[in-house]
Structure formats: structure tokens, C-alpha cells
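Chemist:
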Amino acid sequence: MRLVFMGTPDFVAPILDDLAEASSVELAGVYTPPDRPGGRGRADRMPPVKVRALELGLKVHQPASFRSSQAQAELASLKPDVIVVAAYGKLLPPAVLDAAPHGCLNLHPSLLPSYRGPSPVSSAIVDGLEETGVTLMLLDEGMDTGPVIARRTCPVLSDDTAETLTASLFKLGSELLLECLEPWVEGRLTAEPQDHSAATVTRKLERNDGLADWNLPAAALWRRQRAYTPWPGLFTNWQGRVLKLLEVEALSDAFAVGGGPPGLVGPGKHGPVGVITCDSVLVLKTLQLEGRRPLKADEFLRGHRDFMGSQL
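Take 1 as the starting number for the sequence shown in full-length UniProt numbering and just add one per residue.
#1: Here's a check: name, in chain order, each residue in its chain whose Cβ is nearer than 7 Å to the Cβ of V242, leaving out the five neighbours to either side.
#2: Measuring CA to CA, which of D144, A124, Q239, V265 is closest to R223?
#3: Would you kindly work out how many angstroms separate the C-alpha atoms of A100 and S197, rounded to a whole number?
#4: Does F66 come out as helix, strand or coil in the three-state DSSP assignment?
#5: Rounded to the nearest angstrom, what separates F307 and W238 at their Cα positions?
#6: By alpha-carbon positions, which one of E206, L107, N106, G133 ends up nearest to C154?
#7: Report the option in A95, A20, P232 whose CA atom is closest to the CA atom of R207.
#8: For R188, which option in E179, K171, A227 has the closest C-alpha, if you only look at C-alpha atoms?
#9: So what does DSSP say about V257, is it helix, strand or coil?
#10: Hey, would you say E186 sits closer than 7 Å to P147, going by beta carbons?
#11: Can you give me the Cβ contacts of D10 inside the same chain, cut-off strictly under 6 Å, excluding the 5 residues immediately before and after it?
#12: Keeping to the same chain, check which residues put their C-beta closer than 8 Å to that of F66; ignore five residues upstream and five downstream.
#13: Please name the residue in L129, L56, Y88, V84 whose C-alpha comes closest to that of G7.
#14: Buried or exposed: P261, going by 16 or more other Cβ atoms within 10 Å of its Cβ?
#15: Taking the beta carbon of D17 as the centre, do at least 16 other beta carbons fall within 10 Å, making it buried, or is it exposed?
#16: Give the secondary structure of Q311 by DSSP, where H, G and I count as helix, E and B as strand, and everything else as coil.
#17: How would you write the range of the alpha helix (DSSP H) that E163 sits in, first residue to last?
#18: Inspect the beta-carbon positions of L107 and L136 and report whether they are closer than 7 Å.
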């Protein structure tokens, strides 16, 4: 089958590898967004999917959007039997959805109809789910509203971050895609409509989501630190500077001394330092002051002795 792949970040590049190795697949082209300036020199950076596609010798297309008739005609000229979309980052117009006789298949990192939208993995961790999954769906004009072809579950590990869980989900999704692709094109699989009444929708993360609210339970802050890794991270403000909390843990008996108001920094039983929350203590294990390198808590305290006892 002739297949066009659309994707962007590094965690979906392995899907392209799997498709390139599949004997039943002929990769007719790869779509990814245009290169963008990045880094200190602001030189153009290629999306990770483009880097991998070029390494595989594949033709790469980078339209700014699919609104133009030229971009739509270019896609149609590739004559795909099916289009596979994974974290492409753009809504596709009807002309693209209809460009392949077997449609546009999308891998979404949640068990739809739960956690539609742009931040399903972070939201699942914030909500404390013990299990999530990946869905293979047929795209329509809505946001993750199309009919479902298959789902597969995945445990959320206690040390999973959004970064690690996303990678696990798309690895699982690649396996699911390869199992379903040929049967789908041959008409041996059908797609079932979602139960829209059961849908939940996530929103795009903002930097301020990562600001620690010490009036929350310690476990909730621990989940946020994991959910917001790598971005926006969990952070607080100390002496007018941003202090990133790179590694934390929630413990109910973490303070060696008496309690205090939420946000009070004190010595810990299970680590050099902790912060009082509304219900217990968040132990700080690795910290990074704005403009400095990450430090383990004991090393940070040696260089910032006034941190102990401060009110965040």
C-alpha cells in the first residue's frame, strides 16, 4: 500500500522507522512542519521527523498549512492509499482527510473519548490515573472526535513523566498501527463511533501551570512535577528568581521538625530539605536556580544556606 506519514516530534520518529521496515508499506512521502529558528544562534532547526526521514532517504514535504490548493494538489499527486498521522500538530481540512481512499488514521495517546485535545498524557498523570492507553482512530474534522479502530492500554508507572509515558504510548501505538494497517486497508476492520457523551477534553499547557501551589496536597504536586516534565516543569519563586524543582517526592512524615504554613522550607527526614503543603511535605531532591546548573538538594543547601526556613 502507498502510505503518507505526517508527524513532527522525536517520539513519533520510531513509527516512521517501523513503517519503513514494513514489507506491505510503500512510503510515498513524509509531511512535517517547516523548519524553525532555535537555539542560541537562532539557526533553522529541522523537526525530528524530517531528520529521520532524510536519513531513510524519504521525500519530505513541509507546507506551512494545507489551506492552499497547491499543498492539497501536491498531496493528491502522491496517490496515497492511506495517510497516517501522529503528533503532526495541525488540523487537517476536508481535502486532506479525503485525499486517500482509506482515510487518515491517527494515533492519539489516550483511551478515547477520554482526554481529547493537546495534553492527554500530562492530564492523565495530573489526575493520578494508574492506566491510560493509545487509540487508533479515523480522523474527521473535529478534534479527536473520529471513529475508533482500536485501543490498547498502558500502565502509568509511579516514576513516569510526560516524556517517558508519551514515548511508551507511541511505541505501543506503532505496534497497534502495524497490526491494524493491513486489515484496515483490506476492509477486515471497521471503525466504531465514539461515545461523545463520555468525552473529556484537555487544554494546551501554559507555563504558569508549572508554578507550585503549596496549598495543594504533596501528592498532587508530585504528580504535576512528573506531568510537566519536560515542559513547563514544576517551579517556585525564591528571592525574586525562578527555582526549578526537577526531582521531588511526596512523603507524609518527611519533616524532622514541627509543621508550619504551606510553603515553609525545612529539614526533612528522608532528604535534606522539604516544603510544607496543605497536608504533608514535598521533599526536594534536585533543584535548579534560574541561570545555574541543576544541583542535588544537599549541594544546593551548601551554596544557599538561607534557603532553609524561607517561605516560598
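Even for Gly, the Cβ is constructed at its ideal location relative to N, Cα and C. Every value quoted in this text rests on a predicted model; they were computed, and no experiment measured them.
Modeler: Put simply:
#1: F235, E290
#2: A124
#3: 30 Å
#4: coil
#5: 8 Å
#6: G133
#7: P232
#8: E179
#9: Caution is warranted here: a pLDDT of 47 is assigned to V257, below 50, making its placement in the model unreliable, and the coordinate value is therefore given only provisionally. Correct three-state label for V257: coil.
#10: no
#11: P48
#12: Q72, L75, K90, L92, P93, A95, V96
#13: Y88
#14: exposed
#15: exposed
#16: strand
#17: 162-185
#18: yes
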